[in-house]
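2 protein chains.
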Amino acid sequence: MIVTCVYVHVKPDDITRFIDATAANHLESLKEPGNLRFDLIQQADDPTQFMIYEAYESETIAADHRTTAHYLKWRDIVQDYMAQPRHGVKYKIIEPNDSSKW
Amino acid sequence: MIVTCVYVHVKPDDITRFIDATAANHLESLKEPGNLRFDLIQQADDPTQFMIYEAYESETIAADHRTTAHYLKWRDIVQDYMAQPRHGVKYKIIEPNDSSKW
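Chains as they are written, first to last, in my numbering: chain A, 1242 to 1343; chain B, 1242 to 1343.
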């Protein structure tokens, strides 16, 4: 089981549009087989900084996410909303160590 | 609802001890009223880098966590395992926007 933390710096004028597009991606991503979580969080002291917390049962399944129609649509929509390129950090899940607890 | 991402750089020789202490804290933290998640993840390309993903129903409830016996025990145990002081970043939860979905 893995998590990718995707850090996104959004242009101030595009915050609402970014949230709308990512909320739609969140809802579709939760339907993917092997998806464990897809949270969207906004930094408390800087509303232009977001993190997407994507948990999947495996690296292969996480890679499949990037071939879905909803991901590709999100990627194209939000491209212009980003103040700089997003970056992801990959993690191995230690706890909860049972996928049924996710 | 809020998330605190706690970033911890652990000394290489203390990784197993850090995981054991934090897994115990994880199990107890899940029992706290208002706790939504308490995940422990380890960076894929650097096993000395960890993140604890702590989600609570409110800032007040998250602050209560830091008064619990299990938190105080964890804080004291892991102090010597850290290569440098840990740091936390606070986030507002955007999605899932309903606490029943956490």
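The beta-carbon is built from N, C-alpha and C at its ideal position, and this holds for glycine as well.
Contacting residues, own chain, Cβ-Cβ under 7 Å from Tyr1322 (chain A) (five flanking each side not counted): Excluding sequence positions up to five before and after Tyr1322 (chain A), its CB lies within less than 7 Å of the CB of Val1251, Lys1252, Asp1255, Arg1258 and Phe1259, all in the same chain and listed in chain order.
For Ala1320 (chain A) and chain B, any beta-carbon pair shorter than 7 Å? Position check: residue 1320 (chain A) holds Gln in this sequence, whereas Ala was assumed. Not an interface residue.
Return the chain-ordered list of same chain residues with a C-beta closer than 7 Å to the C-beta of Asn1266 (chain A), the five sequence neighbours on each side being excluded. The residues His1311, Tyr1312 and Trp1315, in chain order, have a CB closer than 7 Å to that of Asn1266 (chain A) in the same chain once the five nearest residues on each side in sequence are set aside.
I believe Ala1296 (chain B) touches Val1244 (chain B) by the beta-carbon criterion, under 8 Å. Please report the beta-carbon distance rounded to the nearest angstrom. With 8 Å as the limit, Ala1296 (chain B) and Val1244 (chain B) qualify as a contact, their Cβ atoms being about 5 Å apart.
Can you tell me whether DSSP reads Asp1286 (chain B) as helix, strand or coil? Coil.
Three-state secondary structure (DSSP) at Leu1281 (chain B)? It is a strand residue.
If we ignore side chains and look at the alpha-carbon of each, how far apart do Ile1318 (chain B) and Asp1261 (chain B) end up? Rounded to the nearest angstrom, the two C-alpha atoms are 10 Å apart.
As assigned by DSSP and simplified to three states, the class of Glu1273 (chain A): Secondary structure of Glu1273 (chain A) (DSSP, three-state): coil.
Just the C-alpha distance for Val1330 (chain A) and Ala1324 (chain B), rounded to the nearest angstrom, thanks. If you draw a straight line from the Cα of Val1330 (chain A) to the Cα of Ala1324 (chain B), it comes to about 20 Å.
Met1292 (chain B): contacting residues in chain A (beta-carbon distance under 8 Å): Residues of chain A passing the Cβ test: Cys1246 and Tyr1332.
Which residues, taken in chain order from the stretch 1298–1315 of chain B, show a beta carbon closer than 7 Å to some beta carbon of chain A? For the stretch 1298–1315 of chain B, no residue has a beta-carbon sitting nearer than 7 Å to a beta-carbon of chain A.
Let me see if you follow: with CB-CB separation under 7 Å, is Ile1262 (chain A) close to chain B or not? Going by the sequence as given, residue 1262 (chain A) is Ala instead of Ile. For Ala1262 (chain A), no Cβ of chain B is located within less than 7 Å of the residue's own Cβ.
What are the residues in the stretch 1273–1291 of chain B lying within 9 Å of chain A by C-beta distance? Taken in chain order, the members of the stretch 1273–1291 of chain B whose beta-carbon sits within less than 9 Å of a beta-carbon on chain A are Arg1278, Phe1279, Asp1280, Leu1281, Ile1282, Gln1283, Gln1284, Ala1285, Asp1286, Pro1288, Gln1290 and Phe1291.
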